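Numbering (UniProt numbering), first residue to last: 1 to 1107.
Glycine residues also receive a C-beta, built at the ideal position from the N, C-alpha and C atoms.
Predicted model only: the values in this text are computed from it and were never measured.
See below for the structure under consideration.
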């Protein structure tokens, strides 16, 4: 792949002005359109083509910009060929103006009068600024306590401020509303519809949308292609307000990332959904009244009857020997699977909505309430049981496998993983063809079930009549707009009934303030919890060990690495330091430092390897006869190709019986895979920030979440990992309760009240001293539930951690797992009843399915990461560029997986010193993540943090501070201020404060980060060395060179011990120490010799040399 470069694209606008867009050599005309939508001069234009002096008019979207000589384009406004195009144009204006109204803080919440206005923090832990914060007196508090947090230097974050970052409510909205109007009189030829526009000064304008554009009623000669242009001519008030808005956009971010195009895709609903007078409010991008929607394909049901079974079977047989063949196959697979997933989710959600609307209570709990076949789709809907103790068997692979199979799911998964290659996902048609949707107390399963057998299940032949040598093509459409409008499952929300009548609201408030004993909702929640607890305690602990296919794949890689390590043993010793990975958190002054795996881990590995080979010997000492039986058993279950791959490992696995393989896999899981995960947490190779990232990391390695308790035990020296695991276990314990309670509600009118009361029981702070026994009983009930559930499911005993749980983290995790959307306000977690029924706004579906991606591109991304970790920047750029072009070829330019590739390449380019290009890539990643993943998703957080550092390097320090503070705000609701990522972010904030001249503020951040790293990672960790170095730099800027010397000496000591004297980073630290030493000496000499103060400008660079 050619290393990408920045390209200036000159675009002439319809106003004869010229804008210069910063593109990248991999961009196409489609990307130029996106860049124009992120430019304040052109963002209001939607209906235009681009022309080129040589290529002519109406350039195709796929044309690459590097092929355009000169790289100059002209916007040509087109006629509105369809009514949809005119509607989309109106929607764009509504979208641009939405940030002035949609995110404004809700008016004082009606239920807040009954809530004591106290900070939303649990009452138990001592404040972080107490003497215990440095870990001396805080030793009493458990690892997860806020007592160990870094001191919050800014004001504490509030949930109610979530949308402030996107809100421009301080500006005058350019318009109050746009609404469709019934037509008066005869319409002219070419007119589509009429609208009323009320602009900011109260003036009401009647405008017609037509083929030619927009004009004032009765004055067709005033026609203008763009609605903004017309309104600016008709109203100076609108013109001024719009100009003020565009200026605010530029102040917010000069590089784009304009605050429009948002979707409601997180657990806190935008204020517009709460305060709106309209019946079904929506952000403009998803407003169906103006042609918006929640994205996705297959919305209208026209694909329901596709021949899915046949097409998935063809897919499994497409040629895939070469990379080129796999790109073609993967693109088809990606498009087909996405179309299936969307079609299945729409079908399931609409079926459940129909059930919710028509019947208050359908059948007994756990019963099948609906089964239907539509073409190849087999849809079943079950009513969930109101029992939180049940172990839910709703795994995609479980649904995919027919129970009559010779192997159980675990054995099938193990063989699938052990024989996996680049086609492992594409060939498993049965798993690709399953979607599970949970919503409103129902679970819908959509499964492809034609007659075609799955090609990966071994010797079975397909009964499709097509000849194998002429594999038919799969005809599936490309995604419109490069796939930038993927399905947002939140858009399929079911709004919970609101109380409109103020008298009812007042009486309910009166009810709510009374003791909750006779409250129906509270009683129901308590009954469900009590019954479930009884059942949980009386059910024998059956935890069958499931094997995920990724475990087999990890085991396979382990064998391959072991072979490689044996052959390269001597080389490995010579280049030991090369294995270390990069320091977490970008942009620290010490950014080129690398971490190293602890020496003990290599000894452990040696032990494990020896034990494993011993166990192999024991297992192979069976009789000749049983060996042959096993040999044929496995050979009969997998394809010849897969068998050869297994045999080529030379580990004797092909000679084992299924039972022996399963035992060995369990041993690998316990003795190697779990300790390796924790070792990677310790080295910061992996750094989960919440339960979602922890789940992803564990599942990718084939580890089950029931091992969380074991991870807590193994991570005894990593308090931040323990905290994430404990919170995740509690969130999962509570998730079962809320699901069971939702299933128990038989009337949607009561749903919001019951959910609110359940949250109050689970998260409220009981007033035990002066209240009824009820509070104490409920408190004991929830504590008993958590203890029993954690002991039963995770084999982990809860001690005194419960009182120190961070409730906002639990609330966020619960909402995303159960599918709740809440009002964004400051919940007082110190009160017994923090939640009111009006806080629970919507229920959204939770969808489970395989995510299809290119394994080739994933491998390239891994190679790029490894090269970056080893300081091989050229290789890292090459692998990153190849990965990006491959992932774009498979998933399109605007997919969440593409954002990953953009983001990694941005980091790599940053390390090469190309801050401009790094910024452009990271900006692309952020735009995708905000839109496709959610405004508080861990990837979105990371994008904010990385981007802030790039802005800082480009000298846009105020903007950098804005973005880094956003990252910090979100981190506090996902992992709190006791986490290496939070410490790294503190170092970044310090760097920016330093750049603004606030060195004293910077030092406060740096000292907190140092304390945090020492406590979490140890005094001799490379990340801790980075903190010492950053402090040395800050002190040098205050001319305190003798103190700089002390800190840099510690830095050097750690590096010498961890990396050795030959490592470039150690040499750099030595050079820094020499520099500080010389400056300190100069400082002592200066008064005697009358020399001016030494220059500290070199120190402000803060770089150690790139390795």
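If you follow the alpha helix (DSSP H) that residue i is part of, which residue opens it and which one closes it?
i, result
"residue 963", "957–974"
"residue 211", "Where residue 211 is concerned, there is no enclosing alpha helix (DSSP H), given that its DSSP letter is neither H nor E."
"residue 638", "No alpha helix (DSSP H) holds residue 638; DSSP gives it neither H nor E."
"residue 919", "915–928"
"residue 691", "691–700"
"residue 530", "520–538"
"residue 1108", "Because residue 1108 is not part of the residues shown, which for the chain are 1 to 1107, the question remains open."
"residue 673", "First-last for residue 673: undefined, no H or E at that position."
Taking the alpha-carbon of residue i as reference, which of the options has the nearest alpha-carbon?
i, options, result
"residue 394", "444, 412 and 891", "444"
"residue 1046", "1056, 1035 and 1055", "1035"
"residue 274", "1005, 799, 376 and 823", "823"
"residue 879", "866, 889, 1069 and 761", "866"
"residue 928", "918, 827 and 943", "943"
"residue 965", "424, 892 and 945", "945"
"residue 253", "923, 1022 and 994", "923"
"residue 262", "225, 165 and 297", "165"
"residue 669", "707, 650, 642 and 645", "707"
"residue 412", "680, 551, 484 and 858", "551"
"residue 148", "718, 560 and 313", "718"
"residue 153", "1023, 989, 699 and 527", "989"
"residue 864", "704, 676 and 903", "903"
"residue 957", "997, 978, 246 and 289", "997"
"residue 434", "851, 930 and 1061", "851"
"residue 799", "793, 784, 807 and 809", "784"
"residue 1010", "38, 59, 151 and 17", "151"
"residue 497", "245, 88 and 840", "840"
Using beta-carbon positions only, say whether residue i and residue j come within less than 9 angstroms of one another.
i, j, result
"residue 714", "residue 144", "no"
"residue 723", "residue 1018", "no"
"residue 1012", "residue 1030", "no"
"residue 177", "residue 198", "yes"
"residue 48", "residue 70", "no"
"residue 846", "residue 303", "no"
"residue 555", "residue 709", "no"
"residue 1003", "residue 986", "no"
"residue 83", "residue 486", "no"
"residue 399", "residue 549", "no"
"residue 970", "residue 267", "no"
"residue 868", "residue 908", "yes"
"residue 1041", "residue 1080", "yes"
"residue 442", "residue 355", "yes"
"residue 1025", "residue 992", "no"
"residue 91", "residue 61", "no"
"residue 81", "residue 272", "no"
Tell me whether residue i counts as near the ligand PLP, meaning its Cβ is closer than 8 angstroms to at least one heavy atom of that ligand.
i, result
"residue 810", "Ligands displayed in this structure: none; no statement on the ligand PLP is therefore possible."
Under DSSP, the beta strand (DSSP E) around residue i begins and ends at which residues?
i, result
"residue 11", "6–12"
"residue 48", "48–51"
"residue 707", "First-last for residue 707: undefined, no H or E at that position."
"residue 377", "377–383"
"residue 849", "No beta strand (DSSP E) contains residue 849, which DSSP labels as neither H nor E."
"residue 907", "No beta strand (DSSP E) contains residue 907, which is instead part of the alpha helix (DSSP H) from 896–911."
"residue 18", "18–24"
"residue 442", "442–448"
"residue 1068", "Element bounds for residue 1068: not the beta strand (DSSP E) but the alpha helix (DSSP H), 1064–1089."
"residue 176", "175–181"
So residue i packs on residue j, CB below 8 angstroms; how close in whole Å?
i, j, result
"residue 196", "residue 521", "Rounded, the Cβ-Cβ distance is 43 angstroms, inconsistent with contact."
"residue 546", "residue 638", "In fact, because the Cβ distance is near 20 angstroms, the residues do not count as touching under 8 angstroms."
"residue 720", "residue 980", "7 angstroms"
"residue 75", "residue 260", "So it is not a contact: roughly 19 angstroms between Cβ atoms."
Point to revise | Ranges of the beta strand (DSSP E) found wholly within the region 712–775, counting only runs of at least 3 | key: none
Practice item. Only counting runs of 4 or more residues, tell me where the alpha helix (DSSP H) segments fall wholly within the region 211–267, in order along the chain. Key: Along the length of the region 211–267, whole alpha helix (DSSP H) runs at least 4 residues long occupy 227–234 and 236–252, reported in chain order.
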